[in-house]
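Here the structure is laid out as structure tokens; the discussion comes afterwards.
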Amino acid sequence: MNRIGVLVIAAVVAIGSCLGLVRYTSGAQDRAVAASEPVPVMVAAKDVPIGMPFNTAWNEGRLAMSTIPQGLRPATAVTDPKVLTGLLAAAPLVQGQLVVQGSFENPAKAAHAGPPTFATNLPDGTVAVSFKAEAAQAVSDLIRPGDRVNLLVQVPNASVLGLPDSGGAAMVHVFQDLQVIAIGDVAMADASATEAPKNPGTGLYTVAVPPEDSARLLLLSHEYDVYLTLVGPKTSPSDLPPISDGSALPTPTTITTAP
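Heads up, the sequence shown is in our numbering, so the first residue is 140 and it goes up one at a time.
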């Protein structure tokens, strides 16, 4: 190839390289401009504690919409508050932290996070409370986890519980149809079981009650002797007045039961 041909080829290559460089430089500038464009993000304007409902955090101004250069926004950033409605904070958020997918979670998942525990199986809206009842006061330890019981206390006078004066010692029904969810560390079986767990004979019974009743049960079980009666299949809660010395005898005095 003669010298002129070499020069022509060199010139063409040089022109192509220049054009490629120009295009790359132009594209880089476009990309840089796009990356610097502000895009919406959600940030923690104030600290958000774990478990706080999104709606509460949003209404209290703990969360707010802001902007960030597009090149810095993570792919998981939350940009629409509506997608978090009804969710709970899965972990604490500190002021200035970006809200991303997973920052808030479904309440059902939050309530059962981690391995299952005894609390996982408590009925919704209840707390577990334990009390002592010796065999002679608890149907000779025939009660098993899963059974239902009535809880009575013996008081020096019904008036100490705000009831009419009984003129002496009285036995008072405090709770009816409580389900025994555990005895000692033996919990009730699940619904698929064919046999109830044995009573371990510890005399320590655990039941689930609404939070407002837990203090009542604890106070009464520590102040007075507790007695349990085992509830049969067709026995429903009813209005049972206190029984004192003056009303202890049944009418009639002979009690018959169906065979």
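Note that CB positions come from ideal geometry on N, CA and C, so glycine has one too.
Neighbour-count burial assignment, residue i, 16 or more Cβ in a 10 Å radius
{"i": "T390", "result": "exposed"}
{"i": "L211", "result": "exposed"}
{"i": "L281", "result": "exposed"}
{"i": "S360", "result": "buried"}
{"i": "A247", "result": "exposed"}
{"i": "V292", "result": "buried"}
{"i": "V294", "result": "buried"}
{"i": "V233", "result": "exposed"}
{"i": "L356", "result": "buried"}
{"i": "V178", "result": "exposed"}
Among the options, nearest to residue i - alpha-carbon criterion
{"i": "E334", "options": "Q276, E199, R283", "result": "R283"}
{"i": "P349", "options": "A196, I189, P262", "result": "P262"}
{"i": "D316", "options": "N289, V294, G323, D324", "result": "N289"}
{"i": "I189", "options": "V180, L227, V311", "result": "L227"}
{"i": "V311", "options": "V266, T368, T345, Q318", "result": "T368"}
{"i": "G285", "options": "S269, V292, Q318, N296", "result": "Q318"}
{"i": "G376", "options": "F314, V222, G342", "result": "Residue identity differs from the one stated: residue 376 is Pro in this sequence, not Gly. Measuring from the Cα of P376, the nearest candidate turns out to be F314."}
{"i": "V239", "options": "D219, N260, A330, S279", "result": "D219"}
{"i": "D329", "options": "S175, P255, N260, A214", "result": "N260"}
{"i": "S411", "options": "T206, E244, A354, L237", "result": "As shown, the chain starts at 140 and ends at 398. That puts residue 411 outside it, with no answer to give."}
{"i": "N198", "options": "G225, V217, G301", "result": "G225"}
{"i": "G243", "options": "M191, G200, P254, L343", "result": "In the sequence under discussion, the amino acid at residue 243 is Phe, which differs from the Gly named in the question. Selected option, being the one with the closest Cα: M191."}
Distance between beta carbons of residue j and residue i, contact taken as under 8 Å
{"i": "I322", "j": "P339", "result": "6 Å"}
{"i": "G235", "j": "A183", "result": "6 Å"}
{"i": "L202", "j": "V187", "result": "7 Å"}
{"i": "F257", "j": "L223", "result": "Not a contact, Cβ separation roughly 31 Å."}
{"i": "A275", "j": "V365", "result": "With a Cβ gap of about 12 Å, A275 and V365 do not count as contacting."}
{"i": "T345", "j": "S269", "result": "5 Å"}
Hey, which unbroken runs of the alpha helix (DSSP H) at 4 residues or more fall wholly within the segment 170 to 204?
Listed in chain order, they are 193 to 198.
Are three or more beta carbon pairs between the segment 303 to 323 and the segment 363 to 383 nearer than 8 Å?
Result yes; three or more Cβ-Cβ pairs closer than 8 Å.
Return the chain-ordered ranges of every alpha helix (DSSP H) run that is complete within the segment 241 to 286 and spans a minimum of 4 residues.
Counting only runs of 4 or more residues that sit fully inside the segment 241 to 286, the alpha helix (DSSP H) segments are 246 to 250, in chain order.
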